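S.K.: In case it helps, this note's numbering puts the sequence shown at residues -12 to 128. Where a beta carbon is used, it is the ideal one built from N, C-alpha and C, also for glycine. Since this is a predicted model, take the numbers as computed values, not measurements.
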Amino acid sequence: MNMLNLLQTVRDAIFPAIMFAVMALGALVSSPKAEVYNPNGVPISSSEWAETSPDSAKVTVKDALSNSGNATVVAGVTNASAAPYLNLFGSDGAGSIWWPSADGGNAEIQLQIRNASGSVTAACTVTSKKDTAGKFATTCQ
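1. Please name the residue, chosen from A120, N(-11), L(-7), that lies closest to N57 on a Cα-to-Cα basis.
2. Please work out which residues of its chain come closer than 8 Å, Cβ to Cβ, to A37, disregarding the five sequence neighbours upstream and downstream, and give them in chain order.
3. CA-CA distance, E22 and F123?
4. Please identify the residue among G105, L98, A70, K117 whose C-alpha is closest to the C-alpha of G92.
5. Taking the continuous alpha helix (DSSP H) assigned at V113, which residues delimit it?
6. Relative to the C-alpha of V64, which candidate in S40, L98, S88 has its C-alpha closest?
7. Verify whether the separation of the beta carbon atoms of P26 and A94 is less than 8 Å.
8. Do you know how far the Cα of G28 is from the Cα of P(-7)?
9. Using CA coordinates, which residue listed in V9, A4, A110, T39 is at the minimum distance from S83?
10. Please classify A51 as buried or exposed, where buried requires at least 16 neighbouring CB atoms within 10 angstroms.
11. Compute the beta-carbon to beta-carbon distance between V60 and V113, rounded to the nearest angstrom, for a pair I have assumed lies under 8 Å.
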């Protein structure tokens, strides 16, 4: 066996092990997690999280969704290991997340809850008003 054959043999043995390690690391690093998507379909930005309701409550998007009266909506924000995913609907062409109330009442966020395969499991509205349990009032269909 000459030196060239020895180097090729070592390469053939090491390359699959390195590729397996890279793939395993990729699977760990990119595991699915809950996501909140803005009206444009991309993950919500820090400035969008901080967007406040246009009513007198001045509630941020993050506070309303993290403290929603619906456990699945809360899981969409806080669950770092799996679905659900939340798709928010914008109220105007500018992509504002809060929908102002037409009658001067509380502002609301409209969203869809999607499972890991992307199917819609519910359509919800989270308002800027807290319910009797101290959570933001949420209705889902």
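M.R.: By the coordinates alone:
1. The shortest Cα separation from N57 among A120, N(-11), L(-7) belongs to A120.
2. T47, V48, K49.
3. If you draw a straight line from the Cα of E22 to the Cα of F123, it is about 20 Å long.
4. That would be K117, whose Cα lies nearest to the Cα of G92.
5. Counting along the chain, no alpha helix (DSSP H) covers V113; the unbroken beta strand (DSSP E) around it starts and ends at 107 to 117.
6. Ranked by Cα distance from V64, the first of S40, L98, S88 is L98.
7. Not closer than 8 Å, so no.
8. Rather than Pro, the amino acid found at residue -7 in this sequence is Leu. Using only the alpha carbons, I get a separation of about 52 Å.
9. Comparing C-alpha distances from S83 to each of V9, A4, A110, T39 shows the shortest one belongs to T39.
10. Buried, by the Cβ-count rule.
11. Yes, they are in contact, since the Cβ atoms of V60 and V113 sit about 6 Å apart, within 8 Å.
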